[in-house]
Structures are given as C-alpha cells and as structure tokens.
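S.K.: If you're matching positions, the sequence shown starts at 1 in the UniProt record's numbering and goes up one per residue.
Quick reminder that beta carbons are idealized off the backbone N, C-alpha and C, glycines included.
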Amino acid sequence: YDRLINMCHPISNRYNVAITKVLGKYMEAIIVDSEKTARLCIQYLKDHMLDPETFLPIDYLQTKPLKERLRNISRPHNVKLMYDVLEFDPEIDRVVLFATNNALVCESPEDANHVAYELERDGRYDAVALDGTFYQKSGIISGGSLDLARKAKRWDEKHMTQLKASKEKLSEELRDAMKKSRKESELNTVDSQIKGLDMRLKYGKTDKENTLKQIRDLEKELKFLENKLEGSGPRIEEIERTMRTRDIEIQSMRGRMNSVEDDVFADFCRQIGMTNIRQYEERELRSQQERAKIRLEFENQKNRIMSQLDFERTKDTQNNVTRWERAVHDDEDELERAKQAEQKQMSEIEMDMKEVDRLKAQRQTKKQEVDQMDEVISKARKEVGAIAKDIQAAQKQVTNLENKVEMRRADRHAILTHCRMEDINIPLLQGNLEDIIQEQSVNNSEEQGRDSTANTQEIYDQEARITVDYSSLPDNLKDLEDLDDIKKLTDKMAKTMAEQSMKLQKIHAPNFKAMQKLDQAREKMQETDREFNTARTRAKKAKQNFERIKKERHNKFTECFEHVANEIDLIYKALSKNQSAQAFLGPENPEEPYLDGINYNCVAPGKRFQPMSNLSGGEKTVAALALLFAIHR
1 YDRLINMCHP ISNRYNVAIT KVLGKYMEAI IVDSEKTARL CIQYLKDHML DPETFLPIDY
61 LQTKPLKERL RNISRPHNVK LMYDVLEFDP EIDRVVLFAT NNALVCESPE DANHVAYELE
121 RDGRYDAVAL DGTFYQKSGI ISGGSLDLAR KAKRWDEKHM TQLKASKEKL SEELRDAMKK
181 SRKESELNTV DSQIKGLDMR LKYGKTDKEN TLKQIRDLEK ELKFLENKLE GSGPRIEEIE
241 RTMRTRDIEI QSMRGRMNSV EDDVFADFCR QIGMTNIRQY EERELRSQQE RAKIRLEFEN
301 QKNRIMSQLD FERTKDTQNN VTRWERAVHD DEDELERAKQ AEQKQMSEIE MDMKEVDRLK
361 AQRQTKKQEV DQMDEVISKA RKEVGAIAKD IQAAQKQVTN LENKVEMRRA DRHAILTHCR
421 MEDINIPLLQ GNLEDIIQEQ SVNNSEEQGR DSTANTQEIY DQEARITVDY SSLPDNLKDL
481 EDLDDIKKLT DKMAKTMAEQ SMKLQKIHAP NFKAMQKLDQ AREKMQETDR EFNTARTRAK
541 KAKQNFERIK KERHNKFTEC FEHVANEIDL IYKALSKNQS AQAFLGPENP EEPYLDGINY
601 NCVAPGKRFQ PMSNLSGGEK TVAALALLFA IHR
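1. Could you tell me whether the stretch 107 to 119 touches the stretch 90 to 99, where touching means 3 or more Cβ pairs closer than 8 Å?
2. Alpha carbon to alpha carbon, how far is H77 from I141? Give it in angstroms, no decimals.
3. Grouping DSSP H, G and I as helix and E and B as strand, with all else coil, what is H77?
4. Based on Cα-Cα distance, which residue from I5, R254, F268 lies nearest to E87?
5. Is T537 buried or exposed, if buried means 16 or more other CB atoms sit within 10 Å of its CB?
6. Can the beta-carbon of A410 be found closer than 8 Å to that of F532?
7. According to the neighbour-count rule (16 or more other Cβ atoms, all chains shown, within 10 Å of its Cβ), is N16 buried or exposed?
8. Just the Cα atoms here: how many angstroms apart are K208 and D331?
9. On the criterion of 16 or more Cβ atoms from any shown chain inside 10 Å, does K389 qualify as buried, or is it exposed?
10. Going by the beta-carbon positions, is the gap between D59 and D33 smaller than 8 Å?
11. Quick one: what's G132 bridged to in DSSP?
12. Report all residues from its chain with a CB closer than 7 Å to the CB of L401; omit the five preceding and five following residues, and keep chain order.
13. Taking one C-beta from the stretch 101 to 109 and one from the stretch 122 to 133 each time, how about it: are there three or more such pairs within less than 8 Å?
14. Taking H114 as part of the alpha helix (DSSP H), name the residues at either end of that continuous run.
15. Assuming I42 is part of the alpha helix (DSSP H), what are its boundary residues?
16. If you check the beta carbons only, do I426 and V468 fall under 8 Å apart?
17. When you compare only the Cα positions, how much space is there between E28 and R326?
18. Report yes or no: do three or more beta-carbon pairs, one from the stretch 169 to 183 and one from the stretch 48 to 64, lie closer than 8 Å?
19. So, under 8 Å CB-CB, Y572 and L585 are touching, yes? Tell me the CB distance rounded to an integer number of Å.
20. Is it buried or exposed for T20, if we count other Cβ within 10 angstroms and need 16 for buried?
21. Buried or exposed: which applies to I391, given that a residue is buried once 16 or more other Cβ atoms fall within 10 Å of its Cβ?
22. Looking only at its own chain, which residues have a Cβ that is under 6 Å from the Cβ of A18, when we skip the five neighbours before and after it?
23. What three-state label does DSSP hand L61 in the structure shown?
24. Exposed or buried, what is S472 when buried is set at 16 or more other beta-carbons lying within 10 Å of its beta-carbon?
25. To the nearest angstrom, how far is the alpha carbon of C419 from that of K524?
26. Could you tell me the distance, in whole angstroms, from the CA atom of A386 to the CA atom of A583?
27. Is M346 buried or exposed, if buried means 16 or more other CB atoms sit within 10 Å of its CB?
28. Can you say whether M82 is buried or exposed, counting buried as having 16 or more other CB atoms within 10 angstroms of its CB?
29. Apply the 10 Å Cβ neighbour rule to A623 and answer buried if 16 or more other Cβ atoms are within range, or exposed otherwise.
30. Give the straight-line distance between the Cα atoms of Y44 and N545, rounded to the nearest whole angstrom.
31. Give me, in chain order, the residues of the same chain whose beta-carbon lies closer than 8 Å to that of M421; leave out the 5 immediate sequence neighbours on both sides.
32. For a test of the three-state rule: what should DSSP assign to F55, helix, strand or coil?
33. Which residues share a DSSP beta bridge with G123?
34. What do you reckon, are the CB atoms on E35 and P52 nearer than 8 Å?
35. So what's N258 in DSSP terms, helix, strand or just coil?
36. Where does A103 sit, in a helix, a strand or coil, going by DSSP?
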C-alpha cells in the first residue's frame, strides 16, 4: 500500500499535533497486506543493507474492538475518538484502529487529564490534548510540543503536495477543455459545411430528376418527329428542290442587292476601312452575340447567387451564431474565473513557499547550531573517553601492582614461616619470628568466624612490623634486581643447603621425633598455603567482580544522568517559554555520584541565580515538571 501518513489525514488542521503524538512511530510505518509480505520486505531491506522500517501487516495485527460508548462522552465537551478524526480508506481500518488504540482527543490538557484518570473509577483511557500533552492509562505523561509541531508540519506539507497535484490536474483539464473547445468550433464548422453539402446534394438530386424527366420527354418528342419526318420524305424532297430553286433566286437577288448596297454604302465603307457593308454587319453581329452571351452568363450567375441567398435564408444561421457566441462568452467567463482562481491559488502557494523558505532557512540555522553543539559534545565525549581509558589503564596497572605486592607478601610470609619452622635464625631490626605462630594461633582462636581473606590481611599487616636486617648481606646480593638472577642464586643456595643438610645427617644420628614434628609442621604449612592461595584467588575474583559491577553501575548511572541533564534545560526553557531560563544538574560526588545526592538548580526567567528554596511555588512546580518530563523522556 503506502506509508500510514500518506493513506490517512485529519479532518481538520487543529488535530495535527494530537494525531502526530498518538501515532508516534507508526506515522512512517509501511502498510502491507499480509505477514508474508512484511517478512519479504524486511528480508529485502537486510539483503540490500537499507535502513530499518516498520511494517504493519493488515491480516496480522491484533486490534481491540472500537468502544462505541466513548463517542457519547458529553463532559468535558468536544471529546472525540482519535479514530473518528481521521479520514482513510476502509481497507486500512484495522491499521488505524491498531495505531489509535481507542485514544481520545480533548480540547485542553486539563480535559485530557480528567478523561484519562477521572472519567471512570474502574478504568483509565489514553487521552491527548490538542497541544500534544499525552496522558497514558499507564500513568505516563508526555509532551514535547516543539518536536511535535515540527513533525505535525508533515500533514501541512502533505496537504501542500496534494494542492500542487490538484493544481497540475486542473491545469491539464483546462488545457484539454481549451483543446476540446477549439476542436468543437472546428467540428461545428465542418457540421455546417456538411449540412450545406447535404442541401446542395438534395437540390442536385431534384434537379437531376427533373432533367432526366425532360430528357425522356424530349426523346419521346424526338421519336415522334422522326416518325413524322419519315412520312414527310417525298414532300421534303419537293420542298428541298423548291428551296434550292429559291436559293438560286435568292443568291441572284442577294448579288443584285449586294451590288446596290455596295454602291449605296461605298463612301461609308471607305470611311470605316471595310471592303463592303456586309463585313461590317458580320462584325457587329458577332459583337452583339458575344454581349448577349456574356449577359446571359451574368444572369445565370445572378440567379445562382440569389438561389444560394434564399437557401442560406432558409437556415437558422442567426440563431446558431447567437447560440455559439453565447457559448463562447460563457466559456470565456469560465476561463476568466479559472484564471482568477489559479491566480489566487498561485498567490497562496507563493506565500506558502516563502514561509517554507523562511522555515528552511531557520531550520538550516538551527541545524548549524545543533551541528556545532554536536561537535563540541562529541569532542568532549572523546576527551572523556580518552580520560576514562587512561583511568582504566591506570587502574589495571594498580591492580597488577597490588597483585604483585600480594604475591611478594605471600612469598615473604612463606619464607618467614619456613625460617620459624626450620629454626633458622635471621637478623632482625624489629620484631621476632616467635610472634608469627603465636599471632596465627591467636587469630585462629579469636577470629574463627571471620573471613579468611580478612585474617590473611591481618597476618600480613602484623608481619609488616617485622624488619629484616640486611646489613650483613654482601653487596653483590643487595644489588640484585633481575628475577632470573635472583632465582638462579636462590636455586644455588637451596642446593648448597641441601648438601649441607646431607652432611649433617651423616654426622649426627637422626632425631626421629624431631623429624616427625617437622613433617607435621610442613604438612600444616602446606595446608595453610593452599588455604591462603585459595582465599587469595577468591579475593581477587571478588575484587574483579566488584570493580566490574562498580564500573557498570557508574556507566549506567552516568548515561541516565547525562541524558536527563541534557534534556532538562530544553524542557525548562519550553515550559517557561523563555530562552533565558536555565536548569542544570550536578552530582555532589563526581567520583561515585550514586552514593551521594544530586544538586538541582534553576534560574527563573528575569531573575538572578538563587537557591531552589528561595523560588516561588509556581517556579518550583515548573522546575519539578521539567525534572519529571526529563526523566520520562
């Protein structure tokens, strides 16, 4: 189908913000016919690595039935179902019902609050005010009028696009109408010509019938005359002989007459340059015949013109002309009205385009400011991240050093214990080896219920008071720092001690009782070392877990705190409707902010900074709402 915003629109612009708030993320959702289609679309997006989209399959949506009784709410006034203030095709009814979810539209936030939580005792409803304040039945209240107003302009942009499309369509229809008008005029001319030709054809057929009838009559008369001529043949011959005789007489008489005429008109013929008078008469006769012929042609042409005039007069030409002049006048009026409407729409579109350009410029300016702030925030975050990495590296180094110190203290404890068990006398500047076993026994008897890690730490602290005297140690041994050299020297001394022990055993008889005590003491020492190592491992793991949880706790708290701290100032400015208002949060303990309190301070519009306790009741309420909205945003 299409996106939801393109398949529905509000019945009035006053509902734009409220509808935008309720639809939320579903405004840009794509409507499809089935779940299979939605899955195919999602797979297509994944395959082509495109941005994720939200799909609404019509056959898969679980919708609640429309609550008809909510249409009968009389108080507060003018409460409507969101479903009723949208215009859409019936085929996407389930999608609109799913997106609106029986939400109600109210005139004011107070009415929305009353409808949401106080309309019925045993039920709550989702209600939204015209300014975008949304009271959900779960108890969450959300607003954000600035962002909603920006999103709500999508409906106006959509309406503008539809108007432009309508304008293009009307322009195309106007062009088609003008073409049809021109073609209709041409068609009327052709119709008139066709009617004239039909009339001429009709008269021509009548003339043809009359002419054929005359031809038939003349043919009959010709046959009659031919028959009559055949019966008059002998008489005709006689008459012809008589005529020839008379022609001869006439020729003879005409010769005499010509001679007389020549004598009479001799002077006249000489004056006009003619041979005889007969030549003059023949020329004049031809001229008269030609004039008569031309006069006859003029008469025929006049008769035809008069006939054509009579024919044209028989047609209702004047009425047709009047009717077409009226139609042309009506079309011109309609065209003028269309031009005026187009001019009006063009002026409105021009004004809207200027407003759009102004808003685009304002948006570009705000975007540049946001980009600059994003760069500053990004730079600060990078610096904080670098510092955090340095702190983590330092903490890791400290942990490694602490582990090494613990290992050295454990080794020192083992050496002192071994010296005590083996009765090895070492020079001491402070303390006594006799205190080691005694302190262990005291701790085991008095601190039996404590944790082994704490006991070990106490032993190390007590042993730290024992100071060995290294003054008698050779200088070459004092300067040893390499662990490999120390280990080699230790192995060498251990080997020497073992050889000396073998020599002593050969010289003196063995004291089996002392060896038995020594074995028992060694077993006890080994058991103690194992317990110590186990306790040290547990303590190390516990410390690592503690540091990890501490870090996670710090990160989560910091993420939430930074989000609220960034949003609260914008929300407080929006609630105060003044850019000079300020609201900011600050932890009392920057190292571990969750252990102590958070300082919340506000600077009311037109006032200097002062403690929160000195603000008025209304200012405290606005500050509390800003904090509440920032936490829930």
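M.R.: Answer, in terms of the structure:
1. no
2. 22 Å
3. coil
4. I5
5. exposed
6. yes
7. buried
8. 45 Å
9. exposed
10. yes
11. Answer is none; G132 lacks a bridge partner.
12. none
13. yes
14. 109 to 117
15. 35 to 47
16. yes
17. 53 Å
18. no
19. About 11 Å separates the two Cβ atoms, so there is no contact after all.
20. buried
21. exposed
22. V105, V128, L130
23. coil
24. exposed
25. 15 Å
26. 28 Å
27. exposed
28. buried
29. buried
30. 43 Å
31. L518, A521, R522, M525
32. strand
33. E120
34. no
35. helix
36. coil
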